[in-house]
Amino acid sequence: LMSSHSTLVWILQTLPLYRTVLAMIGNVDDVPIILGSRSDIETEKERKMSETNLHLLKVVHFNKLYVGFMFRRYDEVKQLAIAYDAIASLPFNTILISHCMHVFYGGLIYFWIARKTMDVSWFDRGEKAIEKMRSYADCSSWNFQNKLFLLQAEQCFYLEDIESAKRHYDAAILSAQEHKFVHEEALACELAGHFMLESGEGRAALPYFLLAQKKYREWGAYAKEESLGKFIKEQFGRETTTETSIGLSIPAEPDLRKRRAS
């Protein structure tokens, strides 16, 4: 009986991940369904189990948060982030390896919301994610260096430290490339493109977006590639998957505390 229960829990914890994969590789029109109400997409067993299993509840919310972030659904992401934080603050008996990824994407989301709302409490959460990621990178630079660079780039973006942000985005791309994380190379390119675009450097942004599109396709995230392609066409009036060259450089870590927002 215990074995059957454990198997059921494992299966239910994989369902949100399964839906996330479908969102990334499937039809971009399905994304709103993935982000919809729980009754729309979740099984009755899932709903009942998540009422008593905090890990399952956390997994469900994180995967929705991830999909919303990857497809730039800001309004949904903000609401999900509030709910996810409330769940993550509850006591957990164990820390799973997925916690590292929760810290990474959570930090990126916190800085995004901080820029949109100018609410320093979200920035503070992002900074805490950086501190955690720095400790992970100290243990394994291969797995976490690129993630730390990308979080620092988003931190610099919020602080309007333009040159430091550029160097950290480039470092995140190079590190992900060197360590064979093609999906995180794609994400770093995309976020660098958004940074350039919002900083008024549209011409500099386009090569990053095009490279991101290529890397998403290489990863197999075809729905994400399609979504980004539509964004490129809307912003730049073109439909192409041919990236141009990008000059990348490794940063020296800036003293961000001196530029801390009040």
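In our numbering, the protein residues as written are 1354 to 1615. From the three backbone atoms N, C-alpha and C, an ideal C-beta is built for every residue, glycine too.
- The DSSP assignment places complete alpha helix (DSSP H) segments of no fewer than 4 residues inside the region 1429-1497 at 1451-1470, 1473-1492, in order along the chain.
- Under the 8 Å Cβ criterion, the region 1456-1469 counts as touching the region 1423-1438, having at least three qualifying pairs.
- In this structure leucine 1407 is in contact with leucine 1443, their Cβ atoms being roughly 6 Å apart against a cut-off of 8 Å.
- Under the three-state reduction of DSSP, aspartate 1523 is assigned to helix.
- The alpha-carbon separation between lysine 1586 and tyrosine 1575 amounts to approximately 16 Å.
- Minimum Cα-Cα distance from glycine 1379 among the listed residues Leu1410, Thr1367, Val1420, Lys1411 corresponds to Val1420.
- With a minimum length of 4 residues, the unbroken runs of alpha helix (DSSP H) contained wholly in the region 1550-1589 fall at 1555-1572, 1575-1589.
- A distance of 8 Å or more separates the beta carbons of methionine 1423 and phenylalanine 1457.
- For a cut-off of 8 Å, the C-beta gap from glutamate 1507 to leucine 1544 is around 7 Å, short enough to register as a contact.
- In the assembly as shown, glycine 1479 is a buried residue. Its beta-carbon has 16 or more other beta-carbons within 10 Å.
- Here glutamate 1571 is exposed, its C-beta having fewer than 16 other C-beta atoms within 10 Å.
- If the five residues before and after leucine 1550 are omitted, its C-beta is found closer than 6 Å to the C-beta atoms of Ala1558, all from its own chain and listed in chain order.
- Linking histidine 1414 to aspartate 1523 through their CA atoms gives a straight-line distance of about 30 Å.
- According to the DSSP assignment, glycine 1421 belongs to the alpha helix (DSSP H) that extends over 1407-1423.
- Between alanine 1565 and glycine 1590, the C-beta gap is not smaller than 8 Å, which leaves the two residues out of contact.
- Shown here, lysine 1533 sits in coil according to DSSP, grouped into three states, outside any helix or strand.
- Distances from the CA of glycine 1459 to each of Phe1476, Asp1472, Met1471 were compared; the closest alpha carbon is that of Phe1476.
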